[in-house]
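Okay, so the sequence shown: first residue is 8 according to the numbering used here, each after it adds one. Okay, structure first, notes after.
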Amino acid sequence: INYRVGPEGFLYLADGDANLGLLDQIAALRWVREHIASFGGEPDTVTIFGESAGAMSVGTLLAMPLAEGLFRRAIAQSGAAHRVLGASAALRIGRCLADQLGIPPTREAMAAVPPDRLVAASAQLKAEMLAHPDPARWGLEVVATALPWQPVIDGAVLPGHPIERIMRGAGAGVDLMVGTNVDDWRLFVVANGSMERVTDEVLTGPVIDHGFECAAAYGVAGATLADYRAANPGARPGELLAAIETDWWCRIPALRLADAHASSRSATYMYEFGWPSPAFGGAVGACHALEIPFVFDTLELGPAQMQGSLLGNDPPHELAAVMHAAWVGFARRGDPGWPRYELERRATMRFDTASRVIDDPRSVERTLWEGIM
């Protein structure tokens, strides 16, 4: 689905419509429902799925009243139902953008700004945030994600926090498959140099000094950091940062989404992708987005796709066939081929060269993050 992003999609100034990016998605889904039969599709068995920000859209749509009845099944890959902004935080960002542009903080004034100037001001705002991640200026929930433009809890399009609404039964009629990659955030920690650059001093330091490279940015205090060290003996500070960021961004939100959805006795399936990339000497592991060419069974495209450089010379085609069949099976029948995720067992399919079901494989991480976020 194409939808507006950045300030055009998610600017909030407490006047006019909010969450235009989400309303774009609703418009597209309504079109699909009305016209899919003309293409041989079934309007009552639509499946939506997405990865990363796309998975966060999936989690948000599950919680939106306007989305009810527009899809029957949903798949969230490495993203869930957590990354939204409260109205006050979003309003703060909207006013910062208006200050950047030198205009009143109103929709009317913003609409008069030429698109190229709006894009440039938005980029400048984010650059300043990255250079000076001061929670007092931007708000901790914005600093932690470095995402100034997110869905906004506006009380109408998005009445409440998605995960809390799902815990209360929103999306209960939708079959859900949700999962993450074992090393999701290693991709970014390796790519931006943090894997080698982060020291113990940085990892344990304050947000205002060390920004996104310290544990405190993700709500991890000393005791929990000690638990991470114990769970990852011999890990370097950069590796611990990658583990914390993987859990904060992807794994814990996915587990909480699965728990919330399963608690309403809705069909829920959990997976974990574990095949490690050989790229960067193996440093990125089973990283963010690596599962996509396996899901689509497009390994033969190699470098012609975004993840091509991560696949190496001999990626396992058998794994791609298995994963592709699981995604198609879920879309067609609501069954990817392994037991449902239920709170008594938490069955999880671990995809690797030898795939298998594991019961509650992330109990340690779930325990570490209790009461955080």
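Cβ coordinates follow ideal geometry from the N, Cα and C atoms, glycine included. Here the structure is a predicted model, which means the values were calculated and not measured.
Item, Value
"Comparing alpha-carbon positions, which option in M330, R37, E115 lies nearest L297?", "M330"
"Got a sec, what are the start and stop residues for the beta strand (DSSP E) L183 sits in?", "182-188"
"Cα-Cα, which of Y276, G23, G218, N26 is closest to L137?", "G218"
"Enumerated in chain order, which unbroken segments of the alpha helix (DSSP H) with a length of 4 residues or greater are wholly contained in the region 44-116?", "60-69, 94-108"
"Between the C-alpha atoms of T187 and P122, what's the straight-line distance to the nearest angstrom?", "35 Å"
"What residues in its chain sit with their C-beta under 7 Å from that of L310, if we drop five residues either side in the sequence?", "Residue identity check: residue 310 is Pro in the sequence provided, not Leu. Taken in chain order, the residues that qualify are S316."
"Mapping the DSSP letters down to three states, classify V159 as helix, strand or coil.", "strand"
"State the Cα-Cα distance for the pair I365 and H42, rounded to the nearest angstrom.", "40 Å"
"Would you tell me roughly how many angstroms separate the C-alpha atoms of L375 and F358, rounded to the nearest one?", "24 Å"
"With contact counted as at least three CB pairs below 8 Å, one residue from each stretch, are the region 285-305 and the region 191-203 in contact?", "yes"
"Answer with buried or exposed for H404, where buried requires no fewer than 16 other C-beta atoms within 10 angstroms of its C-beta.", "Limits of the chain in this structure are 8 at one end and 380 at the other, which puts residue 404 out of reach."
"Is the beta carbon of A327 sitting closer than 8 Å to the one on A177?", "no"
"Expressed to the nearest angstrom, what Euclidean distance is found between the alpha-carbon atoms of C294 and C257?", "11 Å"
"Indicate the three-state DSSP secondary structure (helix, strand or coil) for A228 in the structure shown.", "coil"
"From the DSSP output, in three-state form, read off D366 for me.", "strand"
"When the distance is taken between beta carbons, is V120 closer than 8 Å to L108?", "yes"
"Inspect the CB distances between the region 231-240 and the region 41-56 and report whether three or more fall short of 8 Å.", "no"
"For the alpha helix (DSSP H) that contains R339, what are its first and last residues?", "324-340"
"Alpha carbons only, please: which of V53, G28, R369 is nearest the one belonging to T253?", "R369"
"As a quick exercise: from V209, A153, G281, pick the residue whose alpha carbon is nearest that of A361.", "G281"
"For F78, which residues from the same chain have a beta carbon less than 8 Å from its beta carbon, with the 5 sequence-adjacent residues on both sides left out?", "L36, V53, T54, I55, L68, V181"
"So, at 8 Å on beta carbons, what are the nonlocal neighbours of K133 in its own chain, with the 5 sequence-adjacent residues on each side left out?", "A153, P155"
"So, are the CB atoms of G28 and V12 less than 8 Å apart?", "yes"
"Please tell me whether N320 and P158 are closer than 8 Å, where the distance is taken between their beta carbons.", "no"
"Pull up the distance between the alpha-carbon of A198 and that of M313, whole angstroms please.", "15 Å"
"Nearest by alpha-carbon distance to V227: which of I215, T211, D216, L183 is it?", "T211"
"Give the DSSP-derived three-state secondary structure of R263 in the structure shown.", "helix"
"For the alpha helix (DSSP H) holding A35, just list the boundary residues, first then last.", "27-42"
"Output yes or no for whether 8 Å exceeds the beta carbon distance between L183 and P14.", "no"
"Given this structure, state the Cα-to-Cα distance separating Q84 from I173, to the nearest angstrom.", "17 Å"
"In terms of residues, what are the limits of the alpha helix (DSSP H) holding E279?", "Run containing E279: none in the alpha helix (DSSP H); it sits in the beta strand (DSSP E), 275-280."
"According to DSSP, is M356 helix, strand or coil?", "strand"
"Return helix, strand or coil for A242, following the three-state DSSP convention.", "coil"
"Please say whether L98 and A21 have beta carbons closer to each other than 8 Å?", "yes"
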